[in-house]
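Since the structure comes first, as structure tokens, the remarks are kept for the end.
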Amino acid sequence: MLSDELKKQIHLAYRASLEAKSHKPRVGQRQMIGAIARTLGSIQRDSEGERLGEKHVAVVEAGTGTGKTLSYCLAAIPIAKARGLKLVISTATVALQEQILHKELPNLLEHTELSFKYTLAKGRGRYLCLNNLEGFLSTEEQGIEDMFAGLFEQHLQSDDVNTPLYQEMDVALSKGEWDGDKDNWEGIIRDQDWRRLTTDHQQCTNRNCANYSACPFFKARGEIEDADVIVANHDLVLADLSLGGGAILTPPKDTIYVFDEGHHLPDKAIGHFRHEVRLQQSISWLRQLEKNLVNLKQELTDDVSLTGQLLLKIPQQIQSIVNFLQYAQQGLAPYIQGLGLDQENNQHRFEFGVIPDELRQLAYSLQTSYQKLFNNIESIQDECKKTKQNEGMGVTPETAETWQPILGVILGRLEQSVELWRLYSAVDDEKYPPNARWLVLTGQGMEQDIELGGSPILAAHTLRQQLWDKCFGAVVTSATLTALNQFHRFNMRSGVPQESEYLRVLSPFDFQQHGLLVIPDMENEPNRVEQHTKEIVQYLDKQVNVEKGSLVLFSSRRQMEEVAQSLKPALQEVLLMQGEQSKRVILDSHRARIDDGKGSLLFGLASFAEGVDLPGDYLTCVYIAKIPFAVPDDPVEATLAEWIQKRGGNPFMEITIPDASLRLVQATGRLLRSEADSGEIHILDKRLRTKRYGQQLINSLPPYRQQ
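Just so you know, the sequence shown maps onto residues 6 to 712 in the numbering used here.
Below, the structure written as structure tokens:
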């Protein structure tokens, strides 16, 4: 149970925070603080320090304007500190991450008696690798990269190396004007320039690196160890969990997690376990690998060393894999021909993820062969690492330093292949949802290739094993966790324990008073695309006020572009369309126009339906072209629907409608961003009036006044 001391600490901090902002207590905010404190404060441990029970997760949907960030910080920070745990706050967007770092946490320290240290955690890809920088300022290193050109997916010619930028970075580092964090570099960095300077866990040599003590990434890691609160993102947390937990962040058993924008977590998790491999591309890469490893053999000081013996085995292992891949190509060619795949119809999804027995058996051979090759190259890398302690056999320190990062790239590529073929060789356990498996015909003529892909259809089982079962406690929150007013969709996809605390906190906004929902009498349903598009043009030409701030959300880029081209000139003059510039530039331009007393019309797709914050006059009218149903050709979602139907369910009602409900709530949520905002929402889809599910979708929206 929560101690009286902790209750008092949380209460005083809440009161001080409200007084500093001249705010009044909000019922929803107090409910949220109470639910989180009750959940985290009630967690018990056994004599060995292991958590007892599964009532350690709080799932809170907090409507816009609740003040959820303050709520979970006030409840979780004192409890984490009192119990000697780390608090990891994870977000899905950079904007929220920056708000927490630069506004919420500093305000708590300034206005309350709470005392804590906080820092930002990022993956290695956001930090400069000093070895790589030194290498690219050396002409010798450029020659080495050219020699290994075939092994790097994003290879650039040596004359493309941005030497002036790298020299500028080197000077800034030496003067202490830059810390090696990409986000703290004042200038613009092209992706291809930055990609050359970073590393990953396979390439990084950690303490064996000559630059370890000055490494920007490991300096940042030191701050994580000292911090009480760590701000991260979902991708970084999932990457840490996939490495067993504790590799990047703190071990899960010593951590309380808060997943803000938590509705993204299941999809992010699936992305971490989705793999694709192209057969011909793999063959070409392996042959290039064999040629390049000859160069390493020539640099050995002792052919009979462990490294030398391992290198002797590799050509035969590579040839074995190539033979299996070629056999797969030959076996799949008539199969693909029988499916009638071509450039237009280029994808085939295996029903229920079940692949032909011959392909599954071949996949087992490929997984085994790739794993052996991976193990041998990992052993060679280990020998290179040992040279720093003068223990490596047959490899000089200079050779080891050159080869370690190269071997890391090779291992990363092999690891992807091992995982894909493992997924293809497995027989799915009928107790759990199946894996989706598919093939895609890519390219034409001599460039044609067969791509095999695979992915879990739900992340629930994986998240249960790696996160919920291991962590001390967790909070999942978002403005949109329910679909059709229920948590069922999120539970199915996330695997949170059924014993978790569930709470819906309604927004304090007066939707009846400030928001008007309009569903006009459209003649055509969206499936009559051409006619529906013409109707949208006519409706916008008539309804949009060119002197106000408006947003039109589309589900199809093609329809968005066709509508944009057909608008009357007055609207085209104030139009800003997604894709013409970066999202940030478009939104900044929109705000600038409104600030100047002019009108602005935004056209956007799904990414503009979530996370776009345009309060007050910046947005007074939202138009939604149609109900945002998911695209039906995704193999993962299609396999999920198939599995639900097999179990006697209705995929349309269990997946399609709840998903659309969630997206519709997010899209309409762009309008009212503060209690003073007001405006209109127009949904240009007659199915909301004519279909049985239409009323369900309307009922899942906030209680806007309807016309």
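Positions of the beta carbon are idealized from the N, C-alpha and C atoms, including for glycine.
{"Query": "Backbone CA spacing between Gln-517 and Tyr-709 [nearest angstrom]", "Result": "5 Å"}
{"Query": "Through-space distance from Ala-614 to Thr-625, alpha-carbon basis", "Result": "15 Å"}
{"Query": "Beta-bridge partners of Gln-352, as assigned by DSSP", "Result": "Val-445"}
{"Query": "Whether Leu-133 touches Leu-178 by CB criterion (9 Å)", "Result": "yes"}
{"Query": "Collapsed DSSP secondary structure at Asp-434 in the structure displayed", "Result": "coil"}
{"Query": "Per-residue burial, Asn-211 [other beta carbons within 10 Å of its own, 16 or more giving buried]", "Result": "exposed"}
{"Query": "Reference His-280, options Leu-101, Val-423, Ile-235 and Arg-589, closest by Cα", "Result": "Val-423"}
{"Query": "Distance CB(Gln-352)-CB(Leu-444) smaller than 9 Å", "Result": "yes"}
{"Query": "Same chain only: Cβ atoms within 7 Å of Ala-646, ignoring 5 sequence neighbours per side", "Result": "Pro-656 and Ile-660"}
{"Query": "Cut-off 7 Å between Cβ atoms - residues of its own chain near Lys-475, not counting five sequence neighbours on either side", "Result": "Gly-250, Pro-257 and Lys-258"}
{"Query": "Environment of Tyr-437 [buried if 16+ CB atoms lie within 10 Å]", "Result": "exposed"}
{"Query": "Simplified DSSP assignment, three categories, for Leu-305", "Result": "coil"}
{"Query": "C-alpha distance - Ser-325 paired with Arg-498, whole-angstrom precision", "Result": "39 Å"}
{"Query": "Through-space distance from Ala-630 to Leu-572, alpha-carbon basis", "Result": "14 Å"}
{"Query": "Residues of its chain near Ser-512, where Cβ-Cβ distance is below 7 Å and the 5 sequence neighbours each way are ignored", "Result": "Gly-68, Thr-69, Gly-70, Thr-71 and Pro-707"}
{"Query": "Ranges of the alpha helix (DSSP H) found wholly within the segment 489 to 518, counting only runs of at least 4", "Result": "493 to 499"}
{"Query": "Sequence-distant residues of its chain with Cβ nearer than 8 Å to Leu-713 (five each side left out)", "Result": "For residue 713 there is no data in the structure shown, the boundaries of the chain being 6 and 712."}
{"Query": "Residues sharing a beta bridge with His-280, DSSP", "Result": "Gly-459"}
{"Query": "Contacts around Ser-605, its chain only, beta-carbon distance under 7 Å, and the 5 residues preceding and following it disregarded", "Result": "Gly-554, Val-579, Leu-581, His-595, Arg-598 and Ile-599"}
{"Query": "Sequence-distant residues of the same chain with beta carbon closer than 7 Å to Asp-622, five excluded per side", "Result": "Gly-554 and Ile-599"}
{"Query": "Among Lys-603, Gln-700, Gln-197 and Glu-552, nearest to Asn-490 - alpha-carbon criterion", "Result": "Gln-700"}
{"Query": "Proximal residues to Met-6 (C-beta, below 8 Å), its chain only, five neighbours per side dropped", "Result": "Gly-46 and Ser-47"}
{"Query": "Proximity below 9 Å, CB of Val-327 to CB of Gln-421", "Result": "no"}
{"Query": "Counted within 10 angstroms of its Cβ, other Cβ atoms place Asp-347 as buried (16 or more) or exposed", "Result": "exposed"}
{"Query": "Distance, Gln-208 Cα to Val-176 Cα", "Result": "25 Å"}
{"Query": "Arg-710 in three-state terms, based on DSSP", "Result": "strand"}
{"Query": "Given Gln-331 as reference, the closest of Leu-254, Leu-416, Val-32 and Asp-454 once Cα atoms are compared", "Result": "Asp-454"}
{"Query": "Cβ-Cβ distance between Thr-192 and Cys-220 below 9 Å", "Result": "Looking at the sequence provided, one finds Gly at residue 192 rather than Thr. Going by C-beta atoms, Gly-192 is not nearer than 9 Å to Cys-220."}
{"Query": "Opening and closing residue of the alpha helix (DSSP H) in which Leu-317 lies", "Result": "311 to 344"}
{"Query": "Unbroken stretches of the alpha helix (DSSP H), 4 residues or longer, contained in the segment 196 to 268", "Result": "196 to 200, 221 to 231 and 239 to 247"}
{"Query": "Limits of the beta strand (DSSP E) - the one that Gly-609 falls within", "Result": "605 to 609"}
{"Query": "Counted within 10 angstroms of its Cβ, other Cβ atoms place Val-236 as buried (16 or more) or exposed", "Result": "buried"}
{"Query": "DSSP bridge partner residues for Arg-56 (one or two, in chain order)", "Result": "Arg-50"}
{"Query": "Rounded straight-line distance, which links the Cα of Trp-290 to that of Gln-503", "Result": "46 Å"}
{"Query": "Backbone secondary structure at Ser-422 - three-state DSSP", "Result": "helix"}
{"Query": "Cα-Cα separation, Tyr-19 to Pro-30", "Result": "9 Å"}
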